[in-house]
Structure formats: C-alpha cells, structure tokens
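For the sequence shown, the working numbering gives the first residue as 4, with consecutive numbering after it. Where a beta carbon is used, it is the ideal one built from N, C-alpha and C, also for glycine.
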Amino acid sequence: MKSIFTTKVGMTQVIDEDGVITPVTVLKASENVITQVKTVDTDGYNAIQIGYMDKKEKNVKKPIREHFKKAGVSTKRYLREINFGDISPEYNLGDTLSLDQFEAGELVDIVATSKGKGTQGSIKRWNYGRGPASHGSKSHRVAGARSAGSDPARVFKGRKGSGKMGNERVTIQNIEVIKVNTEDNYILVKGGVPGPKGGLVQIKQAIKA
4 MKSIFTTKVG MTQVIDEDGV ITPVTVLKAS ENVITQVKTV DTDGYNAIQI GYMDKKEKNV
64 KKPIREHFKK AGVSTKRYLR EINFGDISPE YNLGDTLSLD QFEAGELVDI VATSKGKGTQ
124 GSIKRWNYGR GPASHGSKSH RVAGARSAGS DPARVFKGRK GSGKMGNERV TIQNIEVIKV
184 NTEDNYILVK GGVPGPKGGL VQIKQAIKA
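Take a look at the structure:
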C-alpha cells in the first residue's frame, strides 16, 4: 500500500517534446515520519501512523509531545494513519516515506479536503435553474416548490436545497503522475487537486487502476 502526504503548492503547465501542454498540480512532500506501528496483536488492526510537517514544540499539548518523544521524532502538525488491512506493515518507528515509491506515468488516487464555501443557495450548490428574468417575476433565484402542501405537509428528508457547501473529504481516482523529483521533494500530477494552496493532500496507490 503506497501512500504519502504532501502539501498543495499550486498549478502550472508542462510542455513535452511534441509541444503538447499538460496542466499539472505541484505537490510538495515534506518529511513523512512513522510515529507509531499498529498490529493486530497490539491494536486489533494493521496500520502505520505518520507525522507530517514540523510544528513548534511549545504549541503541542504535552501528551502528544510525549508520543513524539517515544517515537524519537520532532513534533509534527498532522498525524494520519494508513491502514494495511490484512497485511502486516514492515516499518519501524522513525522510518521515513519518500516519493521514490511513485514514478512518472503511474496512476494514483488523490485524497484532500475541498475548499469551504460556507452556506450557499440551491442554484450554486445543486445547479438549479433560475426563474423567469422578467420584471413581473418574483422568483429569480429561489428553489421553487419543495413539496406538496396539505399532504405530506412537510419536506422529505434528504431533499436538495440550500446549506453548507464544500469543506468535505474528496477522493479523485486514477490521476496520472507526470513527474517525480526526489531531490527537491515534489511531484507533478495531471489536472486539478481539491483544496486550497497549502492544504494537506494524500497521494496513495490507485485502487481501480
């Protein structure tokens, strides 16, 4: 199970020898350190816990600081797990994950948190159609009737409408890796990636490739 955590830098373009332009997202990979190894015998499942992106020790609560000291690593901002299922992980405390596990042309899955857009109306959130644009209409950007009146006299649960939009865990499958630079620790993937610049992005082995 190949996986690594990165930071979204932004987007750019790559031009190949034939002059074909490919839009890519630049992902920077800082040190991914294993802070805990979980097995079926000790925790009931097989997984590794990864610490990503350095954080000042004074800004980390004492129980978490001691957890990092036990692993022999500096304090980190993010703690994430990679579940190995039935496979026993062959890692030790303090080991690091690098980008050399991926190569150009490979298909990967991208997991990130999308941009939060706050509370939005049904037109922006669900692509509802507008009402008439003439002066006589009073329904330009409203959702219209959402249920019957006297029966059932309520809106059915799950009905699409206005509400919170974005800020959700999103997985994009089968994204092509364009370039891997292990010296400067960055990777280029084809197309866009969810989330803002500076957001946490997980790159992992494609499930349906």
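For D112, there is no enclosing alpha helix (DSSP H); the enclosing beta strand (DSSP E) has its first and last residue at L110 to T116. For G161, the closest C-alpha among the options W129, P135, E179 and G134 is that of W129.
Just measuring C-alpha positions, the residue of R172, M168, I206 and K127 sitting nearest K31 is I206. Residue pairing by DSSP places P155 opposite no residue, since no beta bridge is assigned to it. Boundaries around I126 are those of the alpha helix (DSSP H), S125 to W129, since no beta strand (DSSP E) includes it. Secondary structure of E69 (DSSP, three-state): helix.
Between Y189 and V29, the gap from beta carbon to beta carbon is short of 9 Å. Closest in alpha carbon position to V204, among T45, D46 and V111, is V111. Taking G124 as the centre and dropping the five residues before and after it, the same chain places the C-beta of S165 closer than 6 Å to its C-beta, in chain order.
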